[in-house]
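Everything in the sequence shown is counted per our numbering, starting at 8 for the first residue and increasing by one. First up is the structure itself, then whatever we jot down about it.
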Amino acid sequence: MQLDIMKSSGVNILKNRKQLVEIFLWIVAGAMLFVFPWHVGGLHPVKGESYAFGFNNKAGVLGLGLCLAFLTILKTWFFKPVSSVASLEWLSNGDRLFPPFEKAKWEYVVLIACSTAIFFSNLWWDGILVMPYWGGEIAYFLGRIDLLALGYRPYHDFQYNYGPALLYVPLWLSRLSFGHLGIEDAYAWCVAVSFVLGFLCVFIFLRAIRIYDTLRPLVLLLCLVMWMCITMGLNYSPLRFTILPAAIVLFDRSLSLPLGGMPKWLIAGISALLSSAACFLISPEMGIAISVGLLAYASVAILSDTLPSGLAILGAVALCFAVMSLCFKGYLYGVLSFSSGANNFPIYPNLTNLMLLGSSLVVIPGLLSAAWIRRADRRASLAAAISFAALLLLAASYGRCDPGHVVINGLMILVMMFAVASSIGKSALYGWTAFFALVVVLMGQISYWDGYRALFTQAFQVRDSYSKNSELVQQWQDAWTFQRSWSPRSSRLDWRKTVPYPAGFDDLVKDKKVGIPFGADIGIERFLKLQKNFGIIYNESPIPEWYAPKDIERAARECLGFDLLLIPESMIQQSSVSIDIPSYQKGISEFLSGLLLYPVHSTVKNAPYLPEVELTRALLATCDPIGKMPGYILMKPKGISK
Numbered sequence: 008m009q010l011d012i013m014k015s016s017g018v019n020i021l022k023n024r025k026q027l028v029e030i031f032l033w034i035v036a037g038a039m040l041f042v043f044p045w046h047v048g049g050l051h052p053v054k055g056e057s058y059a060f061g062f063n064n065k066a067g068v069l070g071l072g073l074c075l076a077f078l079t080i081l082k083t084w085f086f087k088p089v090s091s092v093a094s095l096e097w098l099s100n101g102d103r104l105f106p107p108f109e110k111a112k113w114e115y116v117v118l119i120a121c122s123t124a125i126f127f128s129n130l131w132w133d134g135i136l137v138m139p140y141w142g143g144e145i146a147y148f149l150g151r152i153d154l155l156a157l158g159y160r161p162y163h164d165f166q167y168n169y170g171p172a173l174l175y176v177p178l179w180l181s182r183l184s185f186g187h188l189g190i191e192d193a194y195a196w197c198v199a200v201s202f203v204l205g206f207l208c209v210f211i212f213l214r215a216i217r218i219y220d221t222l223r224p225l226v227l228l229l230c231l232v233m234w235m236c237i238t239m240g241l242n243y244s245p246l247r248f249t250i251l252p253a254a255i256v257l258f259d260r261s262l263s264l265p266l267g268g269m270p271k272w273l274i275a276g277i278s279a280l281l282s283s284a285a286c287f288l289i290s291p292e293m294g295i296a297i298s299v300g301l302l303a304y305a306s307v308a309i310l311s312d313t314l315p316s317g318l319a320i321l322g323a324v325a326l327c328f329a330v331m332s333l334c335f336k337g338y339l340y341g342v343l344s345f346s347s348g349a350n351n352f353p354i355y356p357n358l359t360n361l362m363l364l365g366s367s368l369v370v371i372p373g374l375l376s377a378a379w380i381r382r383a384d385r386r387a388s389l390a391a392a393i394s395f396a397a398l399l400l401l402a403a404s405y406g407r408c409d410p411g412h413v414v415i416n417g418l419m420i421l422v423m424m425f426a427v428a429s430s431i432g433k434s435a436l437y438g439w440t441a442f443f444a445l446v447v448v449l450m451g452q453i454s455y456w457d458g459y460r461a462l463f464t465q466a467f468q469v470r471d472s473y474s475k476n477s478e479l480v481q482q483w484q485d486a487w488t489f490q491r492s493w494s495p496r497s498s499r500l501d502w503r504k505t506v507p508y509p510a511g512f513d514d515l516v517k518d519k520k521v522g523i524p525f526g527a528d529i530g531i532e533r534f535l536k537l538q539k540n541f542g543i544i545y546n547e548s549p550i551p552e553w554y555a556p557k558d559i560e561r562a563a564r565e566c567l568g569f570d571l572l573l574i575p576e577s578m579i580q581q582s583s584v585s586i587d588i589p590s591y592q593k594g595i596s597e598f599l600s601g602l603l604l605y606p607v608h609s610t611v612k613n614a615p616y617l618p619e620v621e622l623t624r625a626l627l628a629t630c631d632p633i634g635k636m637p638g639y640i641l642m643k644p645k646g647i648s649k
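Shown next, in the form of structure tokens:
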């Protein structure tokens, strides 16, 4: 009796010590993420608020990673008797991903209803409402699809930071539609389909974790409603982010399929190749994340005496990486371009960031320690793959660090918390569901509409204006018909919607190779694309840190290779004045307060670096103005006579 009491006391003391150590590590992780990066320094001038405010995002992510690693080690080796080895119970043990309709009726109803709503909403926004207006992410993709249609190569000839499938599929769909879909229409259909496929991926991942069945429909609804952001475009469709967890789950389940006596190692190799290829084609970040996840999967498989399958997985991942690197040279440079802090926000302790931090400290060490201790369990490899893939995406979450990027890159971790809460009890699950609905869904939508409400309103205004000026629109269409009648490139650029280009623009640029360093109205861009002497208009070469000062001289040299340059008047005006630091500080703080739903009162420590302004100043020193049109100045490099 006394011995039992002593044993029980010893276990309680050990548990208390473990809890104290974990609490201490949680505090350290918070300090590493929110406090330490303000005092690190070592920043280089790049375009981004983090640089201006003196915040080192890389230091914060690295500090969090070290805390997660240390906590995992403690759980695995030092607190093994009381470690959360039950974490594998968060994952389902072979349950069907697509159960009979009677068993999951309301989940199917939610999936079908949300998919239908988002499908037609996207067709309405991208294919009907914005005709012929394109703003935000739409213009980004349509401009680059045009370049692809003209034979230019992404990652090599023009800057493009997303997966090749997002660029090639709309063009191929347009060309395979037998003339029924123009480039804009094909893009709209691709966005709509990618949302539906992304919703299906969410459904698959949720079916792979253990949640109380009574709450599954509600959890699925919340995880789908959070994506109701139709103005974000193809690059922010759910497929780009949810394909990763779905691919990992489908790969794991494929190893249990009886495929006509095919060797298990061969199934593993083929499935790994297909899974990693699918992620790489959609997004470089997801491709890298699944590669690391599958390497972790293979490592656990090898340690659990399944050497052939583990080696097959390693070989498939290496093969996929090599093929992507050979077929799309420069593909991964887009990821590196953000590593210096470019376009990053400081990491503030708002609810979204705190939510992901806490979830990471629960999910990742729990899964990794359980995967090591119970590596003979068939779920151990899956746990390791999910953990390492999710860990890698923390850099993407806390790199850019606005609520949208934090949530969509950290989605695997946040969704796994539903399983964690279910393992504790229904009350915990209800609590986490309510917190998820508040922070991810409600606050996410508030933050989204705060930034995109103006774009949405403007689309209605433009469409209304065009509908009231049908004769003017007809004049634009006639002008485009004339231009395309003699253009040798018109057959490759299947456009159905027209926008005006400035009157007299064709006379100013006739027989001239025109460069547009900062982009231009889509009407101007498309006019130039019809010309034989069209040059690449996106001069930000796909190399690491193209936002940095060392690239200004190179970009200026590239611009001098054109006969004429089209420079926005706004850029010329900005280049003639210095930055008002107090106004900048106040304006950015107010902007971040609205975006993050958190009071921001940061102080500028480094003069904001604006590469567009620096490039404009360099061009003004080497070019002369020769013409003007609404919003733009035509410049001719000095020394060019033609």
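Here a beta-carbon is modelled for each residue, glycine too, at the ideal position from N, C-alpha and C.
Do three or more CB pairs link the region 505–516 to the region 190–201 at distances below 8 Å?
-> no
Look at the Cβ atom of residue 426, then the Cβ atom of residue 216, and state whether they are nearer than 8 Å.
-> Counted from its first residue, the sequence shown places residue 426 at position 419. Counted from its first residue, the sequence shown places residue 216 at position 209. Between residue 426 and residue 216, the C-beta gap is smaller than 8 Å, which places the two residues in contact.
Within the region 549–612, note down every full alpha helix (DSSP H) run reaching 4 residues or more, in order along the chain.
-> 559–566, 576–582 and 588–603
Within the chosen definition, does the region 391–407 reach the region 290–303 through at least 3 CB pairs nearer than 8 Å?
-> Touching, yes.
Can you pull the DSSP bridge partners for residue 471?
-> The residue you call residue 471 lines up with position 464 of the sequence shown. Paired residues: none, contrary to the question.
Taking all protein chains shown into account, decide if residue 84 is buried (16 or more other Cβ within 10 angstroms of its Cβ) or exposed.
-> In the sequence shown, the residue the question calls residue 84 occupies position 77. Under this definition residue 84 is an exposed residue.
Since residue 631 sits in a beta bridge, which residues does DSSP pair it with?
-> As a working mapping, residue 631 is identified with position 624 in the sequence shown. Paired residue(s): 643.
Rounded C-beta distance between residue 203 and residue 125? I'm assuming under 8 Å.
-> For this step, residue 203 is matched to residue 196 along the sequence shown. For this step, residue 125 is matched to residue 118 along the sequence shown. Yes, residue 203 and residue 125 are in contact; Cβ-Cβ is about 7 Å, under 8 Å.
Considering residue 655, what are the terminal residues of the alpha helix (DSSP H) in which it resides?
-> With the chain covering only 8 through 649, there is no way to say anything about residue 655.
Do the region 353–361 and the region 315–324 meet, that is, are 3 or more Cβ pairs less than 8 Å apart?
-> no
Alpha-carbon to alpha-carbon, residue 232 and residue 332 = The count along the sequence shown starts at 1 and reaches residue 332 at position 325. The count along the sequence shown starts at 1 and reaches residue 232 at position 225. Each residue's Cα considered, the two are about 36 Å apart.
For residue 39, name the three-state secondary structure that DSSP assigns.
-> On the sequence shown, position 32 is the one that residue 39 refers to. Reduced to three states, the DSSP call for residue 39 is helix.
Determine the DSSP secondary structure at residue 161, reduced to helix, strand or coil.
-> Sequence index remark: in the sequence shown, residue 161 carries index 154 (1-based). In the displayed model, residue 161 falls within a strand according to three-state DSSP.
Which stretch, first to last residue, makes up the alpha helix (DSSP H) that contains residue 405?
-> The residue you call residue 405 lines up with position 398 of the sequence shown. Unbroken alpha helix (DSSP H) run through residue 405: 387–407.
Quick one, which of 499, 414 and 238 has its alpha-carbon nearest residue 461's?
-> Numbered from its first residue, the sequence shown carries residue 461 at position 454. Minimum Cα distance to residue 461 is reached at 238.
Going by other Cβ atoms of all chains shown within 10 Å of its Cβ, with 16 needed for buried, is residue 42 buried or exposed?
-> Counting from one through the sequence shown, the residue named residue 42 turns up at place 35. Exposed is the call here.
Can you round the beta-carbon distance between residue 520 and residue 442 to whole angstroms, since I take them to be within the 8 Å contact cut?
-> Position 513 of the sequence shown, counted from the start, is the residue given in the question as residue 520. Position 435 of the sequence shown, counted from the start, is the residue given in the question as residue 442. The Cβ separation is near 57 Å, so there is no contact.
Scan the region 486–528 and note each continuous alpha helix (DSSP H) run of 4 residues or more that stays entirely inside, going in chain order.
-> 512–515
With DSSP as the reference, label residue 216 as helix, strand or coil.
-> Here residue 216 corresponds to residue number 209 of the sequence shown, with the count starting at 1. Strand.
Unbroken stretches of the alpha helix (DSSP H), 4 residues or longer, contained in the region 46–105 | Fully contained in the region 46–105 are the following alpha helix (DSSP H) runs of length 4 or more, in chain order: 56–60 and 64–80.
Cβ pair residue 502, residue 144 closer than 8 Å | The residue labelled residue 502 in the question sits at position 495 within the sequence shown. The residue labelled residue 144 in the question sits at position 137 within the sequence shown. Cβ distance not < 8 Å, so residue 502 and residue 144 don't count as in contact.
Report yes if the CB atom of residue 323 is closer than 8 Å to the CB atom of residue 400, and no otherwise.
-> Locating residue 323 in the sequence shown gives position 316, counting from the first residue. Locating residue 400 in the sequence shown gives position 393, counting from the first residue. No; because the gap between Cβ atoms is not below 8 Å, this pair is not in contact.
Which residue's Cα is closest to the Cα of residue 574: 149, 540 and 638?
-> Against the sequence shown, residue 574 aligns to sequence position 567. Minimum Cα distance to residue 574 is reached at 638.
Enumerate in chain order the residues of its own chain whose CB-to-CB distance from residue 588 is below 6 Å, with the five nearest sequence positions on each side excluded.
-> Here residue 588 refers to the residue found at position 581 of the sequence shown. So the qualifying residues of the chain are 611.
If you draw a straight line from the C-alpha of residue 55 to the C-alpha of residue 616, how long is it?
-> Position 48 of the sequence shown holds residue 55. Position 609 of the sequence shown holds residue 616. Those two C-alpha atoms are separated by around 8 Å.
Which ranges would you report for the alpha helix (DSSP H) in the region 141–207 if only whole runs of at least 4 residues count?
-> 144–156 and 172–182
Nearest to residue 424 (by Cα), restricted to the options 128, 388 and 439 | Taking the first residue of the sequence shown as 1, we reach residue 424 at position 417. It is 439.
If we call anything under 8 Å between Cβ atoms a contact, is residue 309 one with residue 250?
-> In the sequence shown, counting from the first residue as 1, residue 309 sits at position 302. In the sequence shown, counting from the first residue as 1, residue 250 sits at position 243. Cβ atoms of residue 309 and residue 250: not closer than 8 Å.
Just the Cα atoms here: how many angstroms apart are residue 59 and residue 596?
-> Walking along the sequence shown from the start, residue 59 turns up at place 52. Walking along the sequence shown from the start, residue 596 turns up at place 589. Going by C-alpha positions, residue 59 is about 12 Å away from residue 596.
Is the CB-CB distance between residue 372 and residue 173 below 8 Å?
-> Counted from its first residue, the sequence shown places residue 372 at position 365. Counted from its first residue, the sequence shown places residue 173 at position 166. No, Cβ-Cβ distance for residue 372 and residue 173 is not below 8 Å.
Taking residue 294 as the reference, give the member of 266, 265, 247 and 314 with the closest Cα.
-> Position 287 of the sequence shown, counted from the first residue, corresponds to residue 294. Nearest neighbour of residue 294 by Cα position, chosen from 266, 265, 247 and 314, turns out to be 247.
Residue 269, DSSP secondary structure in three states = Along the sequence shown, read from residue 1 onward, the residue named residue 269 stands at position 262. DSSP places residue 269 in coil when its eight states are reduced to three.
Thinking just about the alpha-carbon of each residue, which of 436, 445 and 385 is nearest to the one in residue 414?
-> By one-based count along the sequence shown, residue 414 stands at place 407. Nearest option by C-alpha distance: 445.
What are the residues that DSSP puts in a beta bridge with residue 652?
-> With the chain covering only 8 through 649, there is no way to say anything about residue 652.
Among 33, 632, 433 and 494, which has the Cα closest to the Cα of residue 2?
-> A query on residue 2 cannot be resolved here, the shown segment of the chain reaching from 8 to 649 and no further.
Residue 645 to residue 71 span [Cα, whole Å] = By 1-based counting over the sequence shown, the position of residue 645 is 638. By 1-based counting over the sequence shown, the position of residue 71 is 64. Cα-Cα distance, rounded: 52 Å.
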